[in-house]
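Engineer: So the sequence lines, in the order shown, correspond to chains A and B. Numbering-wise, the first sequence is residues 1 to 155 according to full-length UniProt numbering. Numbering-wise, the second sequence is residues 1 to 155 according to full-length UniProt numbering.
Number of protein chains: 2
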Amino acid sequence: MSPSAPEDDALISTFGRLVEVASRLTRSVGARLEAEHDLPLAWLEVLLRLTRSPDGRLTMAALADQISLTSGGGTRLVSRMVDAGLVERVPCPTDRRVVYASVTERGRERVAQAWSGHAAALREVFAPLGAAGLDAFDDLLDRLRTTTPGTASRP
Amino acid sequence: MSPSAPEDDALISTFGRLVEVASRLTRSVGARLEAEHDLPLAWLEVLLRLTRSPDGRLTMAALADQISLTSGGGTRLVSRMVDAGLVERVPCPTDRRVVYASVTERGRERVAQAWSGHAAALREVFAPLGAAGLDAFDDLLDRLRTTTPGTASRP
DNA sequence: CCAAGATGCTTGACGGATCAACTACTGAGG
DNA sequence: CCTCAGTAGTTGATCCGTCAAGCATCTTGG
């Protein structure tokens, strides 16, 4: 009773695989990061985005969008990181609604410590693709990313 | 102060992209499914796995593994689906520890209803890849999947 | 045959994300 | 100028998954 078309079936399998792979990879990489550097993957993800941004800061909305969280989720996540001293909240002088999340020095240190281990984990995880496969993969992901609708918090 | 190697940096970007794409896609596809068929994506995922399995059933452990949940998460998810009448728990006669999750008739109906809409959503979402890209993508995902360590619940 | 370890599933406590409501602020039109 | 719609961020309630402990059952080696 597998409903109907065979090529739609393939589509569904691919999608399932995507979700599964993303889940397994984040789990595996995240566990290692947690074990070796006591740093949740989500935190590193935030720190990386911030350190790559001009002045090491991003508005809450931009950050939430980049890490695919709703604005509420973003607020809570950075709150925890503020408590841990890795991030600061900096009010925007020209628009008093906006708040910047800004990496602290301590935050930069943590990234520097965790960085090479994280890179090693990723090298391992992506090894089966080879260099060519990795490039292709990156390109395909980019195509999917840019066409997918919008922001997490937009109805 | 972007730490060091440029090719590791690319790796980190690719990983970030993978997570982002998976998240956006599940969100978009899930929202549509929820809106059109009032069915959470995770439920459909379960129903699809079950209907594809012999006798429409899977042990709790096998199911949890397939949808990347811990065994505890699996238990709760099927409990909810049992309450909704889409799945039944069937004890295994030969090994009294194991419990099968088995699709009910009602479950099969829901899949049949949702299936074509879901397929349409996926066709849309994967459109930017084209047929060739989709094949390549599927192949790459498969390589990543088969080499990634193990089961969700295994330490 | 039975003790000890493995395995399959469930459950209580908890963490973390979502949703929706709310506050504060900005900017455009009358 | 003032109002009003739209935008940025926070927060209370809730949902869902994890972790770790626990129970039942199977299996194995002495």
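Quick reminder that beta carbons are idealized off the backbone N, C-alpha and C, glycines included.
Among His118/B, Gly133/B, Leu140/B, whose alpha-carbon lies nearest the alpha-carbon of Leu33/B?
Structural biologist: Residue numbering aside, residue 33/B sits at position 33 when the second sequence is read from its first letter. Closest option to Leu33/B, Cα to Cα, is His118/B.
Engineer: Exposed or buried, what is Glu105/B when buried is set at 16 or more other beta-carbons lying within 10 Å of its beta-carbon?
Structural biologist: Within the second sequence, the letter at position 105 stands for residue 105/B. Flag for Glu105/B reads exposed.
Engineer: Does the beta-carbon distance from Arg89/A to Val99/A come in below 8 angstroms?
Structural biologist: Here residue 89/A refers to the residue found at position 89 when the first sequence is read from its first residue. Here residue 99/A refers to the residue found at position 99 when the first sequence is read from its first residue. For Arg89/A and Val99/A, yes; Cβs fall inside 8 angstroms.
Engineer: Checking 8 angstroms against the spacing of the C-beta atoms, do Met81/B and Ser71/B come in under that value?
Structural biologist: Counting from 1 along the second sequence, the entry for residue 81/B is found at position 81. Counting from 1 along the second sequence, the entry for residue 71/B is found at position 71. Going by C-beta atoms, Met81/B is not nearer than 8 angstroms to Ser71/B.
Engineer: For the beta strand (DSSP E) holding Thr59/B, just list the boundary residues, first then last.
Structural biologist: Mapped onto the second sequence, residue 59/B falls at position 59. 57–59 is the span of the beta strand (DSSP E), which, as asked, contains Thr59/B.
Engineer: With H, G and I counted as helix, E and B as strand and the rest as coil, what does DSSP make of Ser68/B?
Structural biologist: The residue labelled residue 68/B in the question sits at position 68 within the second sequence. Coil, per DSSP.
Engineer: Quick one, which residues of the region 8–22 of chain B are near chain A if we go by CB-CB under 9 angstroms, in chain order?
Structural biologist: Going along the region 8–22 of chain B in chain order, one finds Asp8, Asp9, Ala10, Leu11, Ile12, Ser13, Thr14, Phe15, Gly16, Arg17, Leu18, Val19, Glu20, Val21, Ala22 with a Cβ nearer than 9 angstroms to chain A.
Engineer: Taking the straight line between their C-alpha atoms, what separation do you get for His37/B and Leu47/A?
Structural biologist: Counted from its first residue, the second sequence places residue 37/B at position 37. Counted from its first residue, the first sequence places residue 47/A at position 47. When rounded, the distance between both Cα atoms is 38 angstroms.
Engineer: So Leu140/B and Ala127/A are in contact, right, with Cβ under 8 angstroms, and what is the actual spacing, rounded?
Structural biologist: Residue numbering aside, residue 140/B sits at position 140 when the second sequence is read from its first letter. Residue numbering aside, residue 127/A sits at position 127 when the first sequence is read from its first letter. Going by Cβ atoms, the distance from Leu140/B to Ala127/A rounds to 13 angstroms, so no, they are not a contact pair.
Engineer: Just the chain B side, please: which residues come within less than 8 angstroms of Gly133/A by C-beta, in chain order?
Structural biologist: On the first sequence, residue 133/A is found 133 positions in, with the first residue counted as 1. Correct list: Leu140, Arg143.
Engineer: Considering only C-alpha positions, which residue in the set Ser116/B, Val111/B, Gly107/B is nearest to Leu86/B?
Structural biologist: The residue given as residue 86/B occupies position 86 in the second sequence. Cα-wise, what sits closest to Leu86/B is Gly107/B.
Engineer: State the Cα-Cα distance for the pair Arg145/B and Leu11/A, rounded to the nearest angstrom.
Structural biologist: Here residue 145/B refers to the residue found at position 145 of the second sequence. Here residue 11/A refers to the residue found at position 11 of the first sequence. If you take the alpha carbons of Arg145/B and Leu11/A, they lie about 17 angstroms apart.
Engineer: Could you tell me the distance, in whole angstroms, from the CA atom of Val125/B to the CA atom of Thr14/A?
Structural biologist: Taking the first residue of the second sequence as 1, we reach residue 125/B at position 125. Taking the first residue of the first sequence as 1, we reach residue 14/A at position 14. Whole-angstrom Cα-Cα distance: 12 angstroms.
Engineer: Which one of Leu129/B, Val21/B, Asp65/B has the shortest CA to CA distance from Asp65/A?
Structural biologist: Within the first sequence, numbered from 1, the residue matching residue 65/A stands at position 65. Among Leu129/B, Val21/B, Asp65/B, the Cα nearest to that of Asp65/A is on Val21/B.
Engineer: Secondary structure at Ala42/B, three-state DSSP: helix, strand or coil?
Structural biologist: By 1-based counting over the second sequence, the position of residue 42/B is 42. DSSP places Ala42/B in helix when its eight states are reduced to three.
Engineer: Return the CA-CA distance between Pro54/B and Asp142/A, expressed in angstroms with no decimal places.
Structural biologist: Counted from its first residue, the second sequence places residue 54/B at position 54. Counted from its first residue, the first sequence places residue 142/A at position 142. Roughly 37 angstroms separates the two Cα atoms.
Engineer: So is Ala101/A in contact with chain B if we call contact Cβ pairs under 8 angstroms?
Structural biologist: Along the first sequence, one-based indexing puts residue 101/A at 101. Chain B contact via Cβ: absent.
Engineer: List, from N- to C-terminal side, the beta strand (DSSP E) runs of 3 residues or more that fit wholly inside the UniProt domain "HTH marR-type" (8–146) of chain A.
Structural biologist: DSSP runs (the beta strand (DSSP E)) wholly in the UniProt domain "HTH marR-type" (8–146) of chain A: 57–59, 87–91, 99–103.
Engineer: Hey, is Leu25/A's beta-carbon within less than 8 angstroms of any beta-carbon in chain B?
Structural biologist: Counting from 1 along the first sequence, the entry for residue 25/A is found at position 25. Yes, its Cβ sits closer than 8 angstroms to a Cβ of chain B.
Engineer: Ala101/B and Arg57/B: beta carbons closer than 8 angstroms?
Structural biologist: Locating residue 101/B in the second sequence gives position 101, counting from the first residue. Locating residue 57/B in the second sequence gives position 57, counting from the first residue. Yes; because the gap between Cβ atoms is below 8 angstroms, this pair is in contact.
Engineer: Since Leu18/B contacts Leu25/A with CB under 8 angstroms, what's their CB separation in whole angstroms?
Structural biologist: Counted from its first residue, the second sequence places residue 18/B at position 18. Counted from its first residue, the first sequence places residue 25/A at position 25. About 7 angstroms; that satisfies the 8 angstroms criterion.
Engineer: Let me check understanding here. Comparing Cα to Cα, which of Ala114/A, Leu129/A, Gly133/A lies closest to Gly30/A?
Structural biologist: The residue given as residue 30/A occupies position 30 in the first sequence. Of Ala114/A, Leu129/A, Gly133/A, the residue nearest in Cα terms is Ala114/A.
Engineer: Between Ser23/A and Ser68/B, how many whole angstroms is the CB-CB distance? I'm expecting something under 8 angstroms.
Structural biologist: Reading the first sequence from its first residue, position 23 is the one you call residue 23/A. Reading the second sequence from its first residue, position 68 is the one you call residue 68/B. Going by Cβ atoms, the distance from Ser23/A to Ser68/B rounds to 4 angstroms, so yes, they are a contact pair.
Engineer: Taking the alpha-carbon positions, what's the Asp138/A to Gly133/B distance?
Structural biologist: Within the first sequence, the letter at position 138 stands for residue 138/A. Within the second sequence, the letter at position 133 stands for residue 133/B. Computed Cα separation, rounded: 12 angstroms.
Engineer: According to the neighbour-count rule (16 or more other Cβ atoms, all chains shown, within 10 Å of its Cβ), is Glu45/A buried or exposed?
Structural biologist: Counted from its first residue, the first sequence places residue 45/A at position 45. Classification for Glu45/A: buried.
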